[in-house]
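Student:
Protein chains: 2
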Amino acid sequence: MNPIRVGLLGLGTVGRGTFEVLRRNQDVIRRRAGRGIEIAMIGVRDVARARAQVGTAVPVTDRLQDVVRHPDIDIVVELIGGHEPARALVLDAIEHDKHVVTANKALLAVHGNEIFDAARRMGVMVAFEAAVGGGIPIIKALREGLTGNRIEWIAGIINGTSNFILSRMRDTGDSFAAALRQAQELGYAEADPRFDIDGTDAAHKLSILAAIAFGVPIRFDAAHVEGIAALAAEDIRYAEQMGYRIKLLGITRLTPAGIELRVHPALVPMQRLLANVEGAMNAVVVKGDAVGTTLYYGPGAGSEPTASAVIADLVDVTRMHTADPDDRVPHLAFQADALVQLPWLAIDRTVTSYYFRMRVADRTGVLADIARILADCRISIDAMFQREAADGQDQADVIMLTHDALEHDVDTALGRIERLDTVLAPVIRLRQESLA
Amino acid sequence: MNPIRVGLLGLGTVGRGTFEVLRRNQDVIRRRAGRGIEIAMIGVRDVARARAQVGTAVPVTDRLQDVVRHPDIDIVVELIGGHEPARALVLDAIEHDKHVVTANKALLAVHGNEIFDAARRMGVMVAFEAAVGGGIPIIKALREGLTGNRIEWIAGIINGTSNFILSRMRDTGDSFAAALRQAQELGYAEADPRFDIDGTDAAHKLSILAAIAFGVPIRFDAAHVEGIAALAAEDIRYAEQMGYRIKLLGITRLTPAGIELRVHPALVPMQRLLANVEGAMNAVVVKGDAVGTTLYYGPGAGSEPTASAVIADLVDVTRMHTADPDDRVPHLAFQADALVQLPWLAIDRTVTSYYFRMRVADRTGVLADIARILADCRISIDAMFQREAADGQDQADVIMLTHDALEHDVDTALGRIERLDTVLAPVIRLRQESLA
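So the sequences go chain by chain: A and B.
Quick note on my numbering: the first sequence kicks off at 1 and runs consecutively.
Quick note on my numbering: the second sequence kicks off at 1001 and runs consecutively.
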């Protein structure tokens, strides 16, 4: 059988990886897919640079529209990233009856519903394993491997850059700024790492996971997002002393009141596998009502790991492209007509437990005042210790872990605590996730 | 659309779980699969007992052949276990044009090639996610999620009973026998736990994983199998002191000389996630040339976790049962005509590193003799320490870790060492796997 013909848009890190792995592993890929997968055309901005990379065997053009409309192309692989022109090109490809494989989480998080609608109308597939968790087949696990379950929650380390920085801060005691510089020097953070460290990238991915877990449209705008730039080395140390590691987590949970969708640093008990995911690696924990807790771990980014996911999608599409659209796995895991609208839970309605660090005057009665306010606000203390402040005379740091509390109550309590004369600085607070 | 109709063979732990989860989660399953999945008939040995469990809504029969041949049944779920009558029933179902879902690793390990051949001739699917790793979608990850990769090796904790026993031995210092009793009391080991503790069950699963990883027929008879019954608590303790945990691993690796296929206890560096998989949980590490290292973790057995895998297969089959057989994922991941025969590596051709414990006379020159023999046999020592024997006067235990060595050389060296007058007992040896 003739090879299936792929038009590749973009020849950056992932594009080059895809080109290289498809070439290197063409024999095993053909043995699995039943036919060859061939890159028939490459669309890039800089043609000369691309030619230097891939030689003359494959036509290269800077007219990307020619790729997505080319009559001989069966599948378009979009590896440009960002919203435009990626969105326009993907929609154009769909209108021209091409299947699409994309690694673009920003695109799907914001324009996914529109894109999947268009694909459904045209009867084509849009596959996106590479959009979340790099080489980890987490989309497949959720969409196909756990279909017997009511998914209860997902918690993941889904941004390698921020996990690298947090691992480094813990290992070395470095500040956030120093750890970020180190990440940039080693190539784990880009020159502009904004979306990695402010939680946006993780929220893009999380909003895709939530949709396929719960059978709802993608709603990136419903996410509560906090990054890691404000984390102090001492909080990582104090957490460690209490048996916790701090990780940037994406968490989504189906509650009777609505879906939680939140990205923020969180304390995770050290004995959880997730707490032991180090460096730039990713891991996603999925809790289903039948299966219980499963975890998926691997490299969350990088040239060939991400190419691995792109090619898995290419093989799936190759196998299924002549099948009846009704036989295929629905884009968002649930049949399009079975997606429902569920409320999204505002962050102040979230119930979880907390870590507080309070700078207080080292004076009798301080703790009593704080404890009374917490009790008034229905917050009970699970553990507490006090440390003399290294940098302030007659000052102390009070570190607390709470039991489960409503975030709204925590806001109220901390507001009142911060107004106490004896509390000398804004209270540091972090959420704590038991993941049980 | 009418529900797809399932005939269920067997109503043990997994059968009851499947019945219950299909009922409880029918709405989300239908939203995903596009149609309902209905158990239309149940075949068991003890009809009265089954009626007591499932009521009268579903016909129950002890004529299992009636189930596999029933014209209204689309999919047969085989949850009887063992070789016969499971093999005959599965083949009969296939001949009657039924798709089959099975959790039966013993069956597939020994008769899988015959069953898949028959299924291919008839154009039906035989799905077996539940046969390996319980609820972990590891078959899907390997068959579909990593199709761009040349798989290099797989290492897994794929028997929960033995992992529970080893965790218990480490936590409590218990002997193997005491830990096994505890496992039986808690329901983590069956009354007859032979196949769990002697490595047979893990080898069944591993031989399936090897076939779909490397594109070869299943060859259970090629496996080298050792269990955990001979493990001493002190070896677990010594390993711990050197930074290792002992796990019963299934390992398969593609080498230029052939495929390794071996189940045995092994030392794993403590910082590996796999070393931290505790209790009855399972985890499988897969190394691919493009993706690098990925890990899949979850409950490896149990009623609803295994049912989760059975139902995922049912959803897959429901989606694909009208599709052209060529569009489907091939049974063994590679197209049937692309399976190849590769040599299987005998255990004495394996290269790995080792842990030795030697009971020696506490006398000058002993170590020099041992070290010379090892050097003669091309085995170099990575670490060593000595402990006074608790139970023998003027005796000591010498504990060693080696660098990589050929097992054949290790056999030779230990044979010579055991003939030394100063070596007082057979040498304890365990393999050590860096999993890097």
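Quick reminder that beta carbons are idealized off the backbone N, C-alpha and C, glycines included.
As the structure is a prediction and not an experimental result, all values here were calculated from the model.
1) Along the region 125-145 of chain A, what residues have a CB closer than 7 Å to any CB found in chain B?
2) Look at the Cβ atom of Ala1131 (chain B), then the Cβ atom of Gly1215 (chain B), and state whether they are nearer than 9 Å.
3) Can you tell me whether DSSP reads Val1329 (chain B) as helix, strand or coil?
4) Could you work out which residues of chain A lie near Pro1343 (chain B), taking near to mean beta carbons separated by less than 7 Å?
5) Is the CB-CB distance between Arg35 (chain A) and Thr318 (chain A) below 9 Å?
6) DSSP state of Gln341 (chain A), grouped into three classes?
7) When you compare only the Cα positions, how much space is there between Ile1311 (chain B) and Ala1275 (chain B)?
8) Taking buried to mean at least 16 other C-beta atoms within 10 Å of its own C-beta, is Ala1118 (chain B) buried or exposed?
9) At which residue ranges does the region 38-94 of chain A contain complete beta strand (DSSP E) runs of 3 or more residues, listed in the order of the chain?
10) Beta-carbon of Ala1436 (chain B) versus every beta-carbon of chain A: anything under 9 Å?
11) Give a yes or no on whether the C-beta atoms belonging to Ala213 (chain A) and Ala109 (chain A) are separated by under 9 Å.
12) Can you find a C-beta in chain B that's less than 9 Å from the C-beta of Gly123 (chain A)?
13) In this structure, does DSSP put Asn1149 (chain B) in helix, strand or coil?
14) Given this structure, state the Cα-to-Cα distance separating Met122 (chain A) from Phe116 (chain A), to the nearest angstrom.
15) Would you report the Cα separation of Gly243 (chain A) and Ala383 (chain A), rounded to the nearest angstrom?
16) Hey, how far is the Cα of Leu430 (chain A) from the Cα of Tyr1297 (chain B)?
17) Mind checking which residues open and close the beta strand (DSSP E) that includes Glu1260 (chain B)?
18) Is it buried or exposed for Thr1056 (chain B), if we count other Cβ within 10 angstroms and need 16 for buried?
19) With a threshold of 9 Å between beta carbons, is Val1423 (chain B) in contact with chain A?
20) So is Asn1149 (chain B) buried or exposed if we call it buried at 16+ other beta carbons inside 10 Å?
21) Since Val14 (chain A) is in the alpha helix (DSSP H), which residue starts that stretch and which ends it?
22) Could you please give me the residues that DSSP links to Thr293 (chain A) through a beta bridge?
23) For the region 170-181 of chain A, enumerate the residues whose C-beta is nearer than 7 Å to any C-beta of chain B, in chain order.
24) Would you call the region 1272-1286 of chain B and the region 1161-1175 of chain B touching, i.e. three or more CB-CB distances under 8 Å?
25) Quickly, what does DSSP pair Met400 (chain A) with across the bridge? List them, please.
26) Under 9 Å between the Cβ atoms of Leu1248 (chain B) and Val1263 (chain B)?
27) Look up Ile115 (chain A) in the DSSP assignment and give the residues it is bridged to.
28) Could you check which residue in B:Trp1344, B:Ile1379, B:Ala1368 has the C-alpha nearest to that of Ser1353 (chain B)?
29) Just the chain B side, please: which residues come within less than 8 Å of Pro305 (chain A) by C-beta, in chain order?
30) If we ignore side chains and look at the alpha-carbon of each, how far apart do Arg357 (chain A) and Gln341 (chain A) end up?
31) Go through its chain and collect everything with a Cβ distance to Ala1405 (chain B)'s Cβ below 6 Å, but skip five positions before and after it.
32) Need the endpoints of the beta strand (DSSP E) that Tyr1238 (chain B) sits in, please.
33) Just to confirm the assignment: which complete alpha helix (DSSP H) runs, minimum length 4, are found wholly within the region 1182-1223 of chain B?
34) Under a Cβ-count criterion, where at least 16 other Cβ atoms within 10 Å of its own Cβ denotes burial, should Met1320 (chain B) be classed as buried or exposed?
35) In chain order, what residues of the region 1323-1355 of chain B put their CB closer than 8 Å to some CB of chain A?
36) Got a sec? Which residues, its chain only, sit under 6 Å from Tyr1188 (chain B) by beta carbon, not counting five neighbours each side?
Tutor: This is what the structure holds:
1) Gly135, Ile136, Pro137, Lys140, Ala141, Glu144, Gly145
2) no
3) Of the three classes helix, strand and coil, the one that applies to Val1329 (chain B) here is coil, per DSSP.
4) By Cβ distance, chain A contributes nothing, its closest Cβ being about 18 Å from Pro1343 (chain B), past 7 Å.
5) It is a contact, given that the beta carbons lie within the stated cut-off.
6) coil
7) 30 Å
8) buried
9) As far as the region 38-94 of chain A is concerned, its whole beta strand (DSSP E) runs of at least 3 residues are 75-78.
10) Taking Cβ atoms only, chain A never reaches closer than 9 Å to Ala1436 (chain B), which makes this a no.
11) Between Ala213 (chain A) and Ala109 (chain A), the gap from beta carbon to beta carbon reaches 9 Å or more.
12) Using a Cβ-Cβ cut-off of 9 Å, Gly123 (chain A) does not count as an interface residue toward chain B, since no Cβ of chain B sits closer than that to its own.
13) coil
14) Met122 (chain A) and Phe116 (chain A) have their C-alpha atoms spaced approximately 10 Å apart.
15) A straight line joining the alpha-carbon of Gly243 (chain A) with that of Ala383 (chain A) spans about 12 Å.
16) 28 Å
17) 1258-1269
18) exposed
19) No, no contact with chain A.
20) buried
21) 13-24 is the span of the alpha helix (DSSP H), which, as asked, contains Val14 (chain A).
22) A:Lys287
23) none
24) yes
25) A:Phe356, A:Met384.
26) Yes; because the gap between Cβ atoms is below 9 Å, this pair is in contact.
27) Answer is none; Ile115 (chain A) lacks a bridge partner.
28) Relative to Ser1353 (chain B), the option among B:Trp1344, B:Ile1379, B:Ala1368 whose CA is nearest is B:Ile1379.
29) Ala1290, Val1291, Gly1292
30) 38 Å
31) Excluding sequence positions up to five before and after Ala1405 (chain B), its CB lies within less than 6 Å of the CB of Ile1379, all in the same chain and listed in chain order.
32) For Tyr1238 (chain B), there is no enclosing beta strand (DSSP E); the residue is found in the alpha helix (DSSP H) stretching over 1233-1241.
33) 1194-1197, 1200-1214
34) Counting C-beta atoms within 10 angstroms of its own C-beta, Met1320 (chain B) has 16 or more neighbours from the protein chains shown and is therefore classed as buried.
35) Contacts with chain A (Cβ-Cβ distance below 8 Å) from the region 1323-1355 of chain B involve Ala1323, Asp1324, Asp1326, Asp1327, Arg1328, Val1329, Pro1330, Ala1333, Phe1334, Gln1335, Ala1338, listed in chain order.
36) Thr1161, Phe1164, Ala1280
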